[in-house]
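Peer 1: Numbered per our numbering, the sequence shown spans residues 64 to 362.
Glycine included, C-beta positions come from ideal geometry on N, C-alpha and C.
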Amino acid sequence: MPSLTVHAGGLTLRNPVMLAAGILGTTGASLRRAALAGAGGVVTKSLGSVPRDGHPGPTIVQVDCGLLNAMGLPNPSYKKFQEEIDIARTGGVPVVASIFGSSAEEFAGIARGLDADAFELNLSCPHAEKYGSELGRYPDLVEAVTGAVKAAANAPVWVKLTPNTADIVELGQAAQRGGADAVVAINTLKAMAIDIETGYPILGNRFGGLSGPAIKPVAVRSVYDLALRLDIPVIGVGGVTSWEDAVEMIMAGACAVQVGTALQKGYGIFEEISLGLARYLERKSMTLEDIRGMAGRHY
Ligand code: SIN
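See below:
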C-alpha cells in the first residue's frame, strides 16, 4: 500500500484524514478514541478564555442535505481543558487545539497558556456574537490575530477560514501575511431552518451553520482557489463523507482533510476513508503528492 504520511502545516500526520473541530472533541476520551480508530490527527472543540454555556437549545437540527448547528461555542475554558488534551495525546496522533477569542490579545493569551501540538484559530464560527466570523471576515483582523498568536505560541498555527465572505482568498492571504503555517477551509455556511407549523425558527439562536454534503462543492472550490494562490498548505474540510470526497479535496489542493458531520456514521469513517484512499492510489500507481492540486494543473 502507498504511504499516506503527510507533512501538513508544521505537523507530520500518519495519514491525511483528521477529526474536525467541534465533533466529538469535547473530551480527551473521545479525541483519543478517534485517534485509536485511525484519524491522522484530531482537533478539539473550540476553547475560549472563560467557561461558556453556548446558545439556548435546540442547538442542532438535521436538514435534508446536512446538519445545522448553533452550539454557541460552549466550552469549559482552555485552562480546564488542558487535562483533556493530555488524555487525547495518549492516542498517539497530533492534537490540535481549536481556540477562539474576541481580540488578538485574547487569542494570544490562550495560545500562550495552552500546551497543544498546534493551534487552529476559529475565525469563522458564523453564529457567535463578537467571535468567529465577526472578526474573521476582515482581512486586517485575520492578519493581526494570526500574527499575535504566532508571536505567543510555541506550536504551529492554522487559521480556519469562513466561507461567508465575498473572497475567501483575501482572508487566506491575510492569514499567510500574519505568519500562519496553514489555512483550514471551510467552516460552516450561515443558514437557518423554520418550523412551518409554528412559524418559529427551529434553532434557539435562530440561525446557525450548515455542514455536511451540501457544502462540499463550496469547500472544494474554496480549497482550489486558496491552493492556487497561497504558498502555505491548505487543509480541506466541509462535507467529506467518503474516500472519494477526500480524493476530490486533495485534487483541489488540500494536503489533508478533516471529517466532521460524517462522524454520524461512527468512528469507523477514519479507517474507511484512509483505506479507500490508499487503494485508489495503488490502483492508479500514484502518490498523494501526485494527486495533490491535480485539478489546478489542468489549466
Ligand atoms: C460552535 O461551537 O458553536 C460551533 C463552532 C463553529 O461553528 O466554529
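Going by DSSP, what residue range makes up the beta strand (DSSP E) through Gly272?
Peer 2: 271-274 is the extent of the beta strand (DSSP E) around Gly272.
Peer 1: Using the three-state DSSP reduction, which class does Leu234 fall into: helix, strand or coil?
Peer 2: Here Leu234 sits in helix by DSSP.
Peer 1: Taking the alpha-carbon of Gly103 as reference, which of His70, Ser112, Ile86 has the nearest alpha-carbon?
Peer 2: If we check each option's Cα against that of Gly103, His70 comes out closest.
Peer 1: Taking 7 Å as the limit between beta carbons, can you name the residues of its chain near Cys128, skipping five residues before and five after?
Peer 2: Around Cys128: Gly275, Pro276, Ala277.
Peer 1: Is Thr228 near ligand 1, in the sense that its beta carbon is under 7 Å from a heavy atom of that ligand?
Peer 2: Checking the Cβ of Thr228 against ligand 1 gives no.
Peer 1: Please find out if some non-hydrogen atom of ligand 1 comes closer than 7 Å to the beta-carbon of Thr251.
Peer 2: For ligand 1, at least one heavy atom lies less than 7 Å from the Cβ of Thr251.
Peer 1: Can you list every residue whose CB sits closer than 7 Å to some heavy atom of ligand 1, going in chain order?
Peer 2: Those satisfying the condition are, in chain order, Ala84, Gly85, Lys108, Ser109, Gly117, Asn132, Ala133, Met134, Gly135, Leu136, Pro137, Asn185, Ser187, Cys188, Pro189, His190, Ala191, Gly195, Asn250, Thr251, Gly272.
Peer 1: Output needed for Met64: all residues of its chain with C-beta closer than 7 Å, excluding positions within five of it in sequence on either side, in chain order.
Peer 2: Once the five neighbours on either side are set aside, the close Cβ partners of Met64 are Ala341, Glu345.
Peer 1: Taking the alpha helix (DSSP H) that Ile313 belongs to, which residues open and close that run?
Peer 2: Per DSSP, Ile313 belongs to the alpha helix (DSSP H) from 306-315.
Peer 1: Starting from Lys223, follow its DSSP beta bridges and name the residues at the other end.
Peer 2: Answer is Asn185, Val247.
Peer 1: What is the residue span of the beta strand (DSSP E) that Val69 lies within?
Peer 2: It spans 69-71 - the beta strand (DSSP E) in which Val69 sits, taken as one unbroken run.
Peer 1: Pull the bridge partners of Leu252 from the DSSP assignment, please.
Peer 2: DSSP output for Leu252 lists Leu273 as bridge partner(s).
Peer 1: So, with DSSP's three-state summary, where would you put Arg346?
Peer 2: Helix at Arg346.
Peer 1: Along the beta strand (DSSP E) that carries Leu82, what are the first and last residues, could you check?
Peer 2: Here the beta strand (DSSP E) through Leu82 covers 80-82.
Peer 1: Spatial neighbours of Phe333 within its chain, please: CB distance less than 6 Å, with the 5 preceding and 5 following residues excluded, ordered by chain position.
Peer 2: The answer, listed in chain order, is Val80, Ala100, Gly101, Ala102.
Peer 1: Determine, using beta carbons only, whether Leu94 and Gly154 come nearer to each other than 8 Å.
Peer 2: Result yes, Cβ atoms of Leu94 and Gly154 sit closer than 8 Å.
Peer 1: Buried or exposed for Asn217, going by 16 or more other Cβ atoms inside 10 Å?
Peer 2: Looking at its Cβ environment, which holds fewer than 16 other Cβ atoms inside 10 Å, Asn217 is exposed.
Peer 1: Is the closest heavy atom of ligand 3 to the C-beta of Gly155 under 7 Å?
Peer 2: With respect to ligand 3, the structure shown offers nothing to examine, as its ligands consist of ligand 1.
Peer 1: Can you give the Cα-Cα distance for Gly356 and Arg77, rounded to whole angstroms?
Peer 2: Approximately 20 Å, taken between the alpha carbons.
Peer 1: Quick one, which of Glu233, Gly72, Val297, Gly85 has its alpha-carbon nearest Leu326's?
Peer 2: It is Gly85.
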